[in-house]
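Chains as they are written, first to last, in the working numbering: chain A, 9 to 415; chain B, 7 to 252.
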């Protein structure tokens with residue numbers, strides 16, 4: 009018997025009982041749909057985190073005090089004092105370092121900030137003008153911290169739009185107004201443009217002040233929280249990391265690189281860590297969805313077993329009229345595969361729809377992975393084969409006499 | 007008559023039920039020649055169903071031989087038996103056994119589908135045989151839209167499509183009212199007159215009387231095998247007209 013005829017035969021049987029066919033398919037639809045929707049959700053969040061990290065500045069290297077292997081990967085500002093302004097200056101003026109374009113020494117502290125009746129708790133970052141270059145900060149109104157502000161330790165600040173809203177309300181231009189940090193009064197000279205982001209990555213909830221002002225007047229330290237370096241291009245990141253690393257080792261008179269009192273992260277390190285984390289998250293979601301696919305497959309097997317029992321007489325008749333074992337197996341397998349395959353296709357459509365909806369609701373970028381769709385369809389077909397095999401074999405092994413007698 | 011189309015020699019069939027051996031057939035031997043119309047009778051438990059399964063290549067004997075149309079099928083494999091059933095035997099069952107919610111045409115085509123006959127040829131033959139049993143105007147009716155007698159006639163058409171060596175009917179009128187029974191029996195007689203070999207299992211004497219030869223079984227043994235002296239003759243005129251149709 010030809011395959012196409014068996015296929016038509018199976019389709020005919022499946023359309024005879026539409027409700028049951030539909031319910032059997034539903035398990036696979038939900039299984040495949042959730043696999044696709046959840047994997048797409050995972051990938052969307054991965055993409056979102058990636059783009060937020062990218063927006064922190066490209067070609068960025070960060071030198072932090074404290075050795076990486078000491079456990080204190082990035083201690084609180086002031087806890088490690090191995091990086092100094094002199095280090096930053098030396099890197100900038102070094103002739104052996106050729107791959108670095110900008111050097112931005114920074115300190116960061118969290119402070120209560122007061123303006124009139126309003127106050128907020130926010131990050132206060134001590135910066136030099138290089139900061140804006142390195143971190144791609146642009147100023148919406150006013151100006152950024154200038155070289156002169158730094159050299160003369162002027163008590164001026166540039167604030168993020170979130171801080172502006174928190175302290176002065178929506179739509180008010182705070183430039184020229186003052187705010188107080190730790191009993192010092194600062195004049196606002198600019199508001200940065202919004203960069204978006206939320207939580208840890210919120211770059212709008214921030215205040216920039218000249219580096220020496222933050223170091224001496226707010227924090228009372230002389231060391232640096234970190235030095236951000238902008239490499240000439242993405243290609244020289246590794247070279248830049250090495251150059252800066254060896255330069256600082258020499259400067260700090262450390263011969264063993266594993267005993268370094270600083271560590272250097274590149275943006276790529278952070279990115280790959282985040283990607284790894286979200287990858288685990290995606291795998292977890294996919295795993296949960298795979299379980300529902302498994303349940304769907306068992307549903308198919310259940311329905312097929314019921315079908316075999318219910319159609320015992322029909323199978324007996326087919327065998328009496330000359331159907332061979334192989335023919336019966338093929339017919340039932342095709343039925344199972346058609347069920348799961350069509351279910352899989354519907355699931356793919358629903359899954360794509362659900363992930364579109366989710367990405368809209370959660371305002372995330374819409375990511376759709378073609379391999380995961382291909383995989384889902386393949387898996388749904390395979391589910392048909394695996395879970396259809398046992399019922400099909402059961403049908404084929406029925407003895408025609410017993411099957412004919414079955415009431 | 008001519009050479010035997012069925013030759014059964016000392017066939018035994020032993021079932022083991024609860025550790026006890028039960029001989030459903032206990033040394034049965036007979037021959038059936040081409041063109042015969044044989045009724046196999048016997049009370050329930052006499053082994054006639056077992057004999058029918060054996061004749062229909064649905065089962066193989068424990069010992070003894072069964073030669074059908076020159077082919078020994080007593081030790082065939084499952085798939086060989088499937089071929090024998092497909093090619094040499096036309097089944098007619100008590101419960102009709104049509105596919106539910108499927109057209110008469112499709113039902114009649116089923117054995118030809120398993121034989122790998124092309125779709126056009128299947129339809130042509132199916133129509134021909136449905137017309138032969140007087141259902142030419144019902145080919146697209148599904149089985150549940152047909153009366154019992156009509157369903158059995160579809161089954162007869164189905165049995166004929168592969169031009170089998172024998173027509174094997176198992177209580178073909180068991181589920182039919184009297185008038186429809188007679189209709190079906192008339193078709194069997196007509197087919198027999200045209201040269202088909204018919205073997206019919208029944209426990210009803212009045213149905214058996216349509217046959218030319220009656221074999222009676224009891225306790226797995228043949229207790230009587232003789233020509234039917236009281237054979238019911240059929241209406242000659244009807245016979246002629248239906249012959250013309252075919």
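We put the beta carbon where it would ideally sit given N, CA and C, even for glycine.
Under 9 Å from the C-beta of residue 99/B: neighbouring residues of chain A: 325, 328, 412
Minimum Cβ-Cβ distance from residue 175/B to chain A less than 8 Å: no
Distance CB(residue 198/A)-CB(residue 152/A) smaller than 8 Å: Cβ atoms of residue 198/A and residue 152/A: closer than 8 Å.
Chain B residues whose Cβ lies nearer than 7 Å to that of residue 408/A: Around residue 408/A, the beta-carbon contacts reaching into chain B at under 7 Å are 64.
Reduced DSSP category for residue 421/A - H, G, I as helix; E, B as strand; rest coil: There is simply no residue 421/A to check, as chain A begins at 9 and stops at 415 in what is shown.
Contact set between the segment 102-118 of chain B and chain A, restricted to residues whose Cβ is under 9 Å from the partner: 103, 104, 105, 106, 107, 108, 112, 116, 117
Within chain A, partners of residue 121/B - CB distance below 7 Å: 330
Where the beta strand (DSSP E) through residue 414/A begins and ends: From DSSP, residue 414/A is part of no beta strand (DSSP E); its letter is neither H nor E.
Sequence-distant residues of its chain with Cβ nearer than 8 Å to residue 190/B (five each side left out): 155, 158, 159, 162, 178, 179, 182
Which of helix, strand or coil DSSP assigns to residue 113/B: helix
Distance between beta carbons of residue 403/A and residue 336/A, contact taken as under 8 Å: Between the beta-carbon of residue 336/A and that of residue 403/A there is about 5 Å, and that keeps the pair under the 8 Å contact cut.
Span of the alpha helix (DSSP H), counted from its first residue to its last, around residue 19/A: 11-24
Under 7 Å (Cβ pairs) to chain B, residues found in the segment 11-41 of chain A: 13, 24
Beta-carbon spacing of residue 221/B, residue 43/B below 8 Å: no
Among 18/A, 150/A, 297/A, 311/A, the one whose alpha carbon lies nearest that of residue 201/A: Closest option to residue 201/A, Cα to Cα, is 150/A.
Contact with chain A by residue 92/B, beta-carbon distance below 8 Å: yes
Cβ neighbours of residue 359/A in the same chain (closer than 6 Å, five flanking residues each side left out): 41, 44, 45
C-beta neighbour in chain B for residue 321/A, strict 8 Å: Yes, contact with chain B.
Proximal residues, the segment 333-345 of chain A versus chain B, C-beta separation under 9 Å: 333, 334, 335
CB of residue 88/B within 8 Å of CB of residue 362/A, strictly: no
Between the CA atoms of residue 111/A and residue 86/A - distance to the nearest angstrom: Residue placement at residue 86/A is flagged as unreliable, the pLDDT there being 40, under the threshold of 50; the coordinate-derived value follows with that caveat. Roughly 20 Å between the two C-alpha positions.
For residue 13/A, the nearest candidate out of 339/A, 280/A, 392/A, 248/A (CA to CA): 339/A
Among 237/B, 95/B, 111/B, 228/B, nearest to residue 46/B - alpha-carbon criterion: 228/B
Chain A contact for residue 277/B (CB, 8 Å cutoff): It is not possible to answer for residue 277/B, since the shown part of chain B is limited to 7 through 252.
Cross-chain neighbours of residue 59/B in chain A, by beta carbon under 7 Å: 409
Same chain only: Cβ atoms within 6 Å of residue 100/A, ignoring 5 sequence neighbours per side: 111
Secondary structure of residue 306/A, DSSP reduced to three states: Correct three-state label for residue 306/A: helix.
Under 8 Å between C-beta atoms of residue 186/B and residue 216/B: no
Of the residues 90/A, 96/A, 23/A, the one placed nearest residue 252/A, counting alpha carbons only: 96/A
Neighbour flag for residue 75/B against chain A, beta carbons, 8 Å: no
Interface positions of the segment 124-144 of chain B facing chain A (Cβ-Cβ less than 7 Å), listed along the chain: Residues: none.
Residues near residue 297/A in its chain [Cβ-Cβ closer than 6 Å; skip 5 each side]: 42, 43, 46
Reference residue 166/A, options 180/A, 159/A, 160/A, 146/A, closest by Cα: 146/A
Residue 77/A to residue 37/A span [Cα, whole Å]: Only weak support exists for where residue 77/A lies, its pLDDT of 44 falling under 50; the coordinates are left without a value.
Beta-carbon spacing of residue 353/A, residue 385/A below 8 Å: yes
Segment contact flag, the segment 186-198 of chain A with the segment 112-130 of chain A, C-beta cutoff 8 Å, min 3 pairs: Short answer: they touch.
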